[in-house]
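Contents: one structure, followed by commentary.
Residue numbers (our numbering): 4 to 446.
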């Protein structure tokens, strides 16, 4: 091979020729091939070759047998919009390891292939470790396909030129002092607004199943460094900042908030703050969300007994799945805190990444924050959701919110366990209820 043909300058010139060829063909749909060829500035001098006989013959093949315009001495950089094949191949291997299935091309979607929140965090961590590119969550959400992520990796590593300013998409994230605002689904400024709180990956399926035109954003606490300080002070700052972000977007729009577990409490607190600012949410959805002081009147023995009962139910659920062969032995053992470290050390399952560890640390800190707050009451519209792993008294006690939420607050059942509330059937139920509320308001 003539290595000169693979120099960056040569490749860029050749790409410019191809690009101009397409542009000329589309601009002149009725032109003959000869006319088009004459209009494209192909010149043998544009492609450096060595004096080897085979390469000389190749050079002659490049030269058109008619007068053509010479290539510019210093052509403008070509804006390549496709990922490099090597990046696609390496990223495909990472996805195959993470998903246990091979992507079927650049258009393959990570979540369509069975990816989940923790799987995405592990995948991005492996991309950073193996490819040297640190991709933000918001950037990944902008286009969670194999080709979309590969392009972002190439752009960060300088393998391809970044998009010019006029072609760059709208920013998928906005940085706040505490919150990172991630756009999950864009819509006109007049469309209803759904605000999800934390765990952005959980809401990817919900975004896809919602039928009406609606904008969906996620308020995401990036790391524990922004949660340092006294509990009450930090919680107040967290809620105030979230409410002001939402208020800036919610002017004249129907507003819905949703949160899972402790994030459901944060969604409720943000809704309460919004009401005081003159923005009344249409609905606050809280999934498996107990009031922070729900166990305040229980003895230590009762609390311990409830926790043991929850662990027993979880073990029973895992065992039934294993017996039915819904999960394998490795998956079954990975769900136990005792056996999981052995699987990690043996390489049977991936070790927890720094991003995963930070997500858990943020969640733990948020639990401490909401437990420090005074009892709160909210008289707006609320929908509660209960997964199959909840305590038997969740309904009778309204998840500990009795007397603080409207007495007619509905509780909807979701199949599966706590961490799978927004998977498959669960997300379809939530989507159907939200869609019904959206359509009812539109009518």
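In this text, a Cβ means the ideal position worked out from N, Cα and C, and glycines have one as well.
What runs of the beta strand (DSSP E), each 3 residues or longer, lie entirely inside the stretch 174-239? 176-178, 182-188, 196-200 and 218-224, all fully within the stretch 174-239.
Separation of residue 123 from residue 233, as counted between CA atoms: 32 Å
So, is residue 63 buried or exposed, given that buried needs 16 or more other C-beta atoms within 10 angstroms? The predicted model places residue 63 with a pLDDT of 42, which falls under 50 and marks its position as unreliable, so this point remains unresolved.
Expressed to the nearest angstrom, what Euclidean distance is found between the alpha-carbon atoms of residue 223 and residue 205? 12 Å
Which residues does DSSP pair with residue 390 in a beta bridge? 417
Tell me where the alpha helix (DSSP H) around residue 406 begins and ends. For residue 406, no alpha helix (DSSP H) segment is defined, and its DSSP state is neither H nor E.
Can you name, in chain order, every residue of its own chain whose Cβ lies under 6 Å from the Cβ of residue 407, other than the five neighbours on each side? 380
Just list the residues that DSSP pairs residue 259 with in beta bridges. 197 and 286
Measuring alpha carbon to alpha carbon, tell me which residue in 390, 217 and 231 is nearest residue 2. No statement about residue 2 is possible, as the shown extent of the chain runs from 4 to 446 and does not include it.
So what does DSSP say about residue 379, is it helix, strand or coil? Reduced to three states, the DSSP call for residue 379 is coil.
Using three-state DSSP, classify residue 148 as helix, strand or coil. Of the three classes helix, strand and coil, the one that applies to residue 148 here is strand, per DSSP.
With which residues is residue 266 paired in a DSSP beta bridge? BP columns for residue 266 are empty, so no partner.
Which class does residue 133 belong to by DSSP, given the choice of helix, strand or coil? helix
Residue 111 versus residue 409: straight-line alpha-carbon distance, rounded: Rounded to the nearest angstrom, the two C-alpha atoms are 44 Å apart.
Please classify residue 373: is it buried, with 16 or more other beta-carbons within 10 angstroms of its beta-carbon, or exposed? buried
Pairs of beta-carbons, one from the stretch 136-144 and one from the stretch 180-189, closer than 8 Å: are there three or more? yes
Less than 7 Å between C-beta atoms, sequence neighbours within five positions excluded: which residues of the same chain meet that for residue 221? 185, 187, 199, 203 and 206
For residue 431 and residue 212, what's the separation of their Cα atoms in angstroms? 7 Å
Continuous alpha helix (DSSP H) stretch holding residue 101: start and end: Looking at the DSSP string, the run of the alpha helix (DSSP H) that includes residue 101 is 88-102.
Leaving out five residues before and five after residue 295 in sequence, what residues of the same chain have Cβ atoms less than 6 Å from its Cβ? 373 and 374
Sorted by chain position, which residues of the same chain lie with C-beta nearer than 8 Å to residue 29's C-beta, five sequence neighbours on each side aside? For residue 29, where only same-chain residues beyond five positions count, there are no Cβ hits under 8 Å.
Go through the stretch 296-383 residue by residue and report every complete run of the alpha helix (DSSP H) that reaches 4 residues or more, in order. 303-326, 332-337, 343-348 and 357-374
Residue nearest to residue 366 in terms of C-alpha spacing, selected from 426, 321 and 265: For the options 426, 321 and 265, the alpha carbon positioned closest to that of residue 366 is the one of 265.
Would you decide whether residue 360 is buried or exposed? Buried here means 16 or more other CB atoms lie within 10 Å of its CB. exposed
For residue 30, which three-state DSSP category applies? helix
Measure from the alpha carbon of residue 257 to the alpha carbon of each residue in 201, 196 and 312, then state which is nearest. 196
So which of 398, 388 and 297 has the shortest CA-CA distance to residue 267? Minimum Cα-Cα distance from residue 267 among the listed residues 398, 388 and 297 corresponds to 388.
Give me the Cα-Cα distance between residue 437 and residue 289, rounded to the nearest whole angstrom. 12 Å
Taking all protein chains shown into account, do 16 or more other C-beta atoms lie within 10 angstroms of the C-beta of residue 280, making it buried, or fewer, making it exposed? exposed
Short of 7 Å in beta carbon distance, which residues of its chain neighbour residue 309, apart from the five on each side in sequence? Order them along the chain. 394
Would you please state the rounded distance, in angstroms, between the beta carbons of residue 350 and residue 274? I believe it to be under 8 Å. Between residue 274 and residue 350 the Cβ distance is about 45 Å, and since that is not below 8 Å, they are no contact.
Kindly indicate which residue of 155, 428, 146 and 181 has the alpha-carbon position closest to the one of residue 189. 146
With a threshold of 16 other CB atoms inside 10 Å of the CB of residue 208, please say whether the residue is buried or exposed. It counts as buried.
Assuming residue 415 contacts residue 386 (C-beta within less than 8 Å), just tell me the rounded distance between them. Beta-carbon to beta-carbon, residue 415 and residue 386 are separated by about 7 Å, close enough to satisfy the 8 Å threshold.
Can you give the Cα-Cα distance for residue 246 and residue 261, rounded to whole angstroms? Computed Cα separation, rounded: 14 Å.
Could you pull out every residue in the same chain whose Cβ sits closer than 8 Å to the Cβ of residue 324, ignoring the five residues on either side in sequence? 330 and 335
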